[in-house]
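Position one of the sequence shown corresponds to residue 113 (this note's numbering), numbered consecutively onward.
Accompanying notes for the structure given below.
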Amino acid sequence: MMCDGFVLMKHDDNNRSTSPPKLYIWKDSRLFLGTKSIVFRNYTLAWDQLLVCMQGEMLIRKSNDKKVTSRTCLIRAGTIVDNQDINTTNAIVTIYYLNPISQDYCVLENSMKKATKSICYSHVKQDQIITQMHYISDSNATPKLAHAILIDTLELSIQPKNKKEYDPRIVKLVRMIRETVADNLSIHEYAESVHLSPSRLAKLFKQQMGIPITKYRLQIRVSYGVIHLAAGRSSTEAAYLSGFSSSGHFSTCFSDMIGVQPSSTFLTPPYVKAFIAEDVLEALPNLA
Numbered sequence: 113m114m115c116d117g118f119v120l121m122k123h124d125d126n127n128r129s130t131s132p133p134k135l136y137i138w139k140d141s142r143l144f145l146g147t148k149s150i151v152f153r154n155y156t157l158a159w160d161q162l163l164v165c166m167q168g169e170m171l172i173r174k175s176n177d178k179k180v181t182s183r184t185c186l187i188r189a190g191t192i193v194d195n196q197d198i199n200t201t202n203a204i205v206t207i208y209y210l211n212p213i214s215q216d217y218c219v220l221e222n223s224m225k226k227a228t229k230s231i232c233y234s235h236v237k238q239d240q241i242i243t244q245m246h247y248i249s250d251s252n253a254t255p256k257l258a259h260a261i262l263i264d265t266l267e268l269s270i271q272p273k274n275k276k277e278y279d280p281r282i283v284k285l286v287r288m289i290r291e292t293v294a295d296n297l298s299i300h301e302y303a304e305s306v307h308l309s310p311s312r313l314a315k316l317f318k319q320q321m322g323i324p325i326t327k328y329r330l331q332i333r334v335s336y337g338v339i340h341l342a343a344g345r346s347s348t349e350a351a352y353l354s355g356f357s358s359s360g361h362f363s364t365c366f367s368d369m370i371g372v373q374p375s376s377t378f379l380t381p382p383y384v385k386a387f388i389a390e391d392v393l394e395a396l397p398n399l400a
C-alpha cells in the first residue's frame, strides 16, 4: 500500500508489547516509539511534543474541565501536565519531540482542536499519522527515511499563517547552548554573548522558548545523556559525558523532565533500539 510516496506495511499489535521501544535521535528533534503504557506524572514539559497513540486512546481534560478522547495530542513546552490532564493509562504512546526553533508547533496546531491554550488534540490526519508511525516502527526505518516520513506526513514544510518569529539573539543562544552543553557557563556569559543584560535575556528567552534558560540547558544535557544511554553507556558515563556533576543529578533532572529514571529498563540496552542520525554522531564524538 502506498501513501504520499511511502510504502505502508500492515502492523501486528499483538507483537508490539513484546518488542523493545525505539528511539530516533536527530540533531533538532527526537522520536520515541513506545511499546508499553507510560503514565504521565506531574512535570513541566521542556520540549514541544506530539503524542500519538499506537494503541488505545488518551483522555484529555479541556479548559472547561470536560474530557475528550483522542489518539493525537500536541503539548507546548513549559506546560505542566499530569495524569489528570492527559491520561494515557489505556494507551501505548509514541512521542515526537519537535524542533524548538521551527514552525512545527504552529503547523500542527492549525490542524488540531484546542483543549487548552497549550494543549491541542485530534489532528485532522490522525489515522494517517498513526499508520505512518507504525510503518517507521515495524520497518526499522533509517533515521533519514523516518525523518522524511515525519516531515511529509505532518506537513511540517508548510509555512503557517500564524508564523512564530524568533529573535536572532535567542536563535544564536540556543545554538551556543547546544555547542557548549557540557560547559558550566553562567547566565552573565550567555547574556554577554548576545549583548543583553542577564535579566532581559532571561525574560526574552522564556517568552520565546516557554522555559527558563537553565531548564532548557538541562533539557539539552538530559537529551545528550539519553543519546549516550541509547548508545550503551551506563548512567554514570552518560551523566559525565553530557555535563552533569553526578549520575544522581542526571537521574533527578531526567525524572523531572521525562517522568522516568535513567536506569529504567526502557532506556537500558537491550530494552531500547536506538537509531541515531549521522549529524548527531558527528556532533558527539564521545559516542564513538
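Virtual Cβ for every residue (Gly too), placed ideally from N, Cα, C.
Note that this is a predicted model, so its numbers are computed, not measured.
Nearest neighbour of residue i, chosen from the options [CA to CA]
| i | options | result |
| --- | --- | --- |
| A227 | N176, A253, E277 | N176 |
| V293 | L353, D194, S149 | L353 |
| S359 | C365, S367, T348 | T348 |
| H340 | V392, R329, I172, S234 | V392 |
| I192 | M166, K229, C218 | K229 |
| Q271 | L297, T326, A258, S214 | S214 |
| K276 | G322, S305, Q238 | G322 |
| E345 | D279, V384, S367, P310 | In the sequence as displayed, the identity of residue 345 is Arg instead of Glu. Ranking the options by Cα distance to R345, first place goes to V384. |
| D194 | P212, I172, A203 | I172 |
Pair within 8 Å by beta-carbon distance, residue i and residue j
| i | j | result |
| --- | --- | --- |
| G190 | L220 | no |
| S149 | T201 | yes |
| C365 | L330 | yes |
| I289 | Y328 | yes |
| I282 | V164 | no |
| I261 | I248 | yes |
Residue i versus residue j: straight-line alpha-carbon distance, rounded
| i | j | result |
| --- | --- | --- |
| K273 | Q196 | 32 Å |
| A303 | L162 | 31 Å |
| L143 | I388 | 11 Å |
| H246 | D160 | 21 Å |
| P133 | K179 | 29 Å |
| E390 | W138 | 8 Å |
| G355 | I187 | 27 Å |
Coarse secondary structure for residue i, derived from DSSP in three states
| i | result |
| --- | --- |
| F144 | strand |
| S175 | coil |
| H167 | As written in the sequence, residue 167 is Gln, which differs from the His given in the question. Correct three-state label for Q167: strand. |
| E291 | helix |
| L157 | coil |
| L162 | strand |
| M121 | In this predicted model, M121 has a pLDDT of only 42, less than 50, meaning its place in the structure is not dependable enough to derive any value. |
| V306 | coil |
| K273 | coil |
| Y278 | coil |
| T191 | coil |
| V338 | helix |
Cutoff 8 Å: residue i Cβ touching any chain D Cβ
| i | result |
| --- | --- |
| Y233 | Given the protein chain composition of this structure (a single chain), no chain D is represented. |
Cutoff 7 Å; reference residue i; Cβ partners in own chain excluding five residues on either side
| i | result |
| --- | --- |
| R312 | none |
| S131 | T147 |
Contacts around residue i, its chain only, beta-carbon distance under 6 Å, and the 5 residues preceding and following it disregarded
| i | result |
| --- | --- |
| A386 | L135, A342 |
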